[in-house]
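The opening residue of the sequence shown carries number 75 in this note's numbering; numbering runs sequentially from there.
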Amino acid sequence: MSRRVVRQSKFRHVFGQPVKADQMYEDIRVSKVTCDSSFCAVNPKFVAIIVESGGGGAFIVLPLSKTGRVDKNHPLVTGHTAPVLDIDWCPHNDNVIASASEDTTVMYVPVRNITEPVVTLEGHSKRVSIISWHPTARNVLLSAGCDNLVILWNVGTGEMLLALDDMHTDLIYNVGWNRNGSLLVTTCKDKKVRVIDPRKQQIIAEKTKPHDGTRPIRAIFVADGKIFTTGFSRMSERQLGLWDLNNFEEPIALQEMDTSNGVLLPFYDADSSIVYLCGKGDSSIRYFEITDEAPYVHYLNTYSSKEPQRGMGFMPKRGLDVSKCEIARFFKLHERKCEPIVMTVPRKSDLFQDDLYPDTPGPEPALEADEWLSGKDAEPILISLRDGYVPVKNRELKVVKKNILDSKPPPGPRRSHSTCDSDFSLPGLEEVLEEIRALKETVQAQEKRISDLENKLCQFTNGTD
75 MSRRVVRQSK FRHVFGQPVK ADQMYEDIRV SKVTCDSSFC AVNPKFVAII VESGGGGAFI
135 VLPLSKTGRV DKNHPLVTGH TAPVLDIDWC PHNDNVIASA SEDTTVMYVP VRNITEPVVT
195 LEGHSKRVSI ISWHPTARNV LLSAGCDNLV ILWNVGTGEM LLALDDMHTD LIYNVGWNRN
255 GSLLVTTCKD KKVRVIDPRK QQIIAEKTKP HDGTRPIRAI FVADGKIFTT GFSRMSERQL
315 GLWDLNNFEE PIALQEMDTS NGVLLPFYDA DSSIVYLCGK GDSSIRYFEI TDEAPYVHYL
375 NTYSSKEPQR GMGFMPKRGL DVSKCEIARF FKLHERKCEP IVMTVPRKSD LFQDDLYPDT
435 PGPEPALEAD EWLSGKDAEP ILISLRDGYV PVKNRELKVV KKNILDSKPP PGPRRSHSTC
495 DSDFSLPGLE EVLEEIRALK ETVQAQEKRI SDLENKLCQF TNGTD
């Protein structure tokens, strides 16, 4: 009699659970634009969602604590003149978000002035559907458009760093960085997965038809430089694949899943080596653990619900509640609301679980933009989550050399592919600072007056006057 051996894994019993109704974000008109992006971006302080908007594109930014019904007068970010297609929070500054639009531009917006983008980056000739921040270098932002062009920007100076043209012959489906930001993986309508060294502007590996179907393919880097893909078979069955860059011809693993037609969006957690698959239009999240043992991609479980998802946000590890053994948190978009879903490892102990929470990338960049551009690489700077992560308050963008966010403007005219606020100059900044000082003095005077009036009121109340 044979005995079935169950594979040992600390993540075997991970389960998903939606939050209570009062912890959801209600009355949000989620965008109906046809696009395979996730429509949602989250960090430890904010959730941002692409929404319906008349007369241009918009997205809404909400503090994580602002749950419940969203005020209909809550300000939107409305700088774009056509629908917003993708948004991404800066990994090194929780107060900064970038957006890409059908109007061919990329915008960079600080939360402290949410309705006014600081920089508009112009370099694409067609709609821009993908943006992604560099994981370790400060101020480096990637954009990819329907002009088959990938552009790397320094948002601090508004300048184009690199343009990767002549590499893609058709529409780019997705772009992903590896852990230290030295390589890119891209998928394209020409049915090829490419691994690119952006600074050398070279394709270092290429695979044609990792999945035989005609529907879009997605690819991300996972542990040890391997590449995880999702796509469709010739019979339109959804598939997942795992590939080794040293032998790109044959997959390490290739598994068929189901016959649904939604593109599977992969979200990867490097600390647990778990990949979560969320299909647009699906009502489930499947998750798999990637290991060095056959079959290499191990199915763990499926979170299922009744409502289909319009999009999905994925919280960085530093934004999770370690006291509850939370290893992932998704923000599922419905037609009119956003529903957080918590993934938890069941543990009886209340102590910090070292095995679940290795040191994880923190908000501090490891490199400056010019260091990375010159060829330097660095692993992410890690932080411990033992005492939980406390977001840095009012973190300002640190800048080096010339920077449009610095107090001094770049000297003289410069050639750039960005358009910035023409009034952003030193005299204008001085006036703003003077006005702030005057307002502070007014507030202090009013506070003193209020205090004096309160003291008089107390005297009347106590009958001493």
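Ideal Cβ placement from N, Cα and C applies to all residues, glycine included.
- Note on geometry: alpha-carbon atoms of D145 and L394 lie some 26 Å from one another.
- Partner residues in the beta bridge of T261, as assigned by DSSP, are N248, V267.
- With fewer than 16 other Cβ atoms from the protein chains shown falling within 10 Å of its own Cβ, V464 counts as exposed.
- In this structure D298 does not touch T434 by the C-beta definition: roughly 18 Å separates them, more than the 8 Å allowed.
- Here M386 is buried: its Cβ has 16 or more other Cβ atoms, across all protein chains shown, within 10 Å.
- Counting only residues of its own chain and dropping the five nearest sequence neighbours on each side, D264 has a CB closer than 8 Å to the CB of H242, T243, D244.
- Note: R403 is bridge-paired with V416 in the DSSP secondary-structure output.
- Rounded to whole angstroms, L503 and D461 show a C-alpha spacing of 39 Å.
- In the displayed model, T282 falls within a strand according to three-state DSSP.
- Within the same chain, Cβ atoms closer than 8 Å to the Cβ of D332 are found at E311, R312, the five residues on either side in sequence being excluded.
- In the structure shown, G355 falls within a coil segment according to DSSP collapsed to helix, strand and coil.
- In the DSSP annotation of this structure, the continuous segment of the beta strand (DSSP E) that includes A174 starts and ends at 170–175.
- Distance from the CA atom of V419 to the CA atom of N117, rounded to whole angstroms, is 21 Å.
- Shown here for V125: same chain residues with a beta carbon closer than 7 Å to its own, the five before and five after excluded, namely I102, R103, V104, S105, A132, F133, I134, L150 in chain order.
- T210 and P369 have their C-alpha atoms roughly 32 Å apart.
- With a threshold of 16 other beta carbon atoms within 10 Å, Y373 falls short and is exposed.
- When DSSP states are grouped into helix, strand and coil, E100 belongs to the strand group.
- Between C114 and V107, the gap from beta carbon to beta carbon reaches 8 Å or more.
- CA-to-CA, the gap between N321 and L223 works out to about 27 Å.
- Taking C-beta atoms under 8 Å as the contact rule, L447 and R273 qualify, at a distance of about 7 Å.
- The C-alpha of Y377 is placed about 32 Å away from the C-alpha of S175.
- Taking 8 Å as the cut-off, the Cβ atoms of T303 and P290 do not count as close.
- Ranked by how close their Cα comes to the Cα of G219, the residues S111, T516, N147 have S111 in first place.
- The DSSP-derived three-state label of S127 is coil.
- Taking C-beta atoms under 8 Å as the contact rule, I270 and L238 qualify, at a distance of about 7 Å.
- In this structure N169 touches R186 by the C-beta definition: roughly 6 Å separates them, less than 8 Å.
- In the assembly as shown, I510 is an exposed residue. Its beta-carbon has fewer than 16 other beta-carbons within 10 Å.
- Between I225 and H198, the gap from beta carbon to beta carbon is short of 8 Å.
- Within the DSSP secondary-structure output, Q276 pairs in a beta bridge with D271.
- Counting every other CB atom within 10 Å of its CB across the protein chains shown gives I278 a total below 16, marking it as exposed.
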